[in-house]
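**Q** Using my numbering, the letters of the sequence shown map in sequence onto residues 558 to 737. This is the structure I have questions about; it appears just below.
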Amino acid sequence: MYWELFLSFLKIGFISFGGGYAMIPVIEYEVQSHGWMTTQQFTDAVAVAGMSPGPIATNSAVFVGYKIGGLLGAIVSAVAVSLPSILIVVLISLFIKKMKNQSVIQYAFYGLRPVVTGLIVYAAIKFAVQNDIIGDVNLYGFNFTGVLFILSGVCLLLFTKINPVMIILLSGVFGVIIYS
């Protein structure tokens with residue numbers, strides 16, 4: 558059973574590009590094909606994984622692994638789904654470290670930094686749309702309270718030394734106050 562969990566989540570880690578939510582359908586396919594959980598159980602697992610700190614794919618792997626094989630199953634699944642990323646990042650880091658003084662590497666980073674910034678902005682907009690903070694990408698449908706939360710959080714991060722965890726906790730408290 559542990560070997561099956563390890564191989565399944567190792568495969569998921571190697572073939573799932575895009576990370577996070579992009580991995581969920583692949584995890585679901587593996588879970589269904591092995592009969593490890595019902596669709597409802599998997600949906601609940603993803604909901605819990607999404608509410609927990611950390612990457613949703615890793616959290617989902619831990620949840621499935623725990624359901625199938627207890628604590629050891631959770632550990633095996635987490636290691637297996639994370640191992641491919643760790644190996645790839647280590648190899649790329651070694652390559653970059655060896656080549657860091659080469660001007661071509663520095664020029665590549667000049668091109669990569671703005672693109673990565675764009676990807677982060679894209680992810681933030683997509684997240685805001687999916688969570689009804691803003692309506693369409695044309696920005697006509699605003700959730701003004703949600704936008705106020707975003708702007709408040711950004712301003713607090715930029716202009717104060719408040720710990721981001723405190724901002725998250727405060728936003729949860731204000732969410733309860735405002736929306737209840």
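We put the CB at the ideal spot given by N, CA and C, even for glycine. Bear in mind the structure is a predicted one, so any value in this text is a computation, not a measurement.
Kindly list the residues whose CB is nearer than 8 Å to the CB of residue 581, restricted to its own chain and excluding five residues on each side of it in sequence; keep chain order.
**A** By one-based count along the sequence shown, residue 581 stands at place 24. Cβ within range, chain order: 603, 613, 614, 617.
**Q** What residue does the alpha helix (DSSP H) around residue 622 start on, and which one ends it?
**A** To locate residue 622, count along the sequence shown from 1; it is residue 65. That run of the alpha helix (DSSP H) goes 613 to 656.
**Q** Mind checking whether the beta-carbon of residue 665 lies closer than 8 Å to any heavy atom of the ligand ADP?
**A** The ligand ADP is not part of this structure, which contains no ligands at all.
**Q** Do you know whose CA, among 713, 564, 719, lies nearest residue 636's CA?
**A** Counting from one through the sequence shown, the residue named residue 636 turns up at place 79. Closest option to residue 636, Cα to Cα, is 564.
**Q** When the distance is taken between beta carbons, is residue 629 closer than 9 Å to residue 559?
**A** Translated into the one-based positions of the sequence shown, residue 559 becomes position 2. Translated into the one-based positions of the sequence shown, residue 629 becomes position 72. Yes; because the gap between Cβ atoms is below 9 Å, this pair is in contact.
**Q** According to the Cβ coordinates, are residue 611 and residue 562 closer than 9 Å?
**A** On the sequence shown, residue 611 is found 54 positions in, with the first residue counted as 1. On the sequence shown, residue 562 is found 5 positions in, with the first residue counted as 1. No, the pair does not count as a contact, with Cβ atoms beyond the cut-off.
**Q** Once DSSP output is grouped into helix, strand and coil, what is the label at residue 718?
**A** Stepping through the sequence shown from its first residue, residue 718 is reached at position 161. Looking at residue 718 - three-state DSSP - the assignment turns out to be coil, as it is neither helix nor strand.
**Q** For residue 741, collect the residues of the same chain with a Cβ closer than 8 Å to its Cβ; drop the 5 residues on either side in sequence, then sort them by chain order.
**A** Here the chain covers residues 558 to 737 and nothing more, so residue 741 does not appear.
**Q** Along the alpha helix (DSSP H) that carries residue 608, what are the first and last residues, could you check?
**A** Residue 608 sits at position 51 when you count from the first residue of the sequence shown. Per DSSP, residue 608 belongs to the alpha helix (DSSP H) from 596 to 608.
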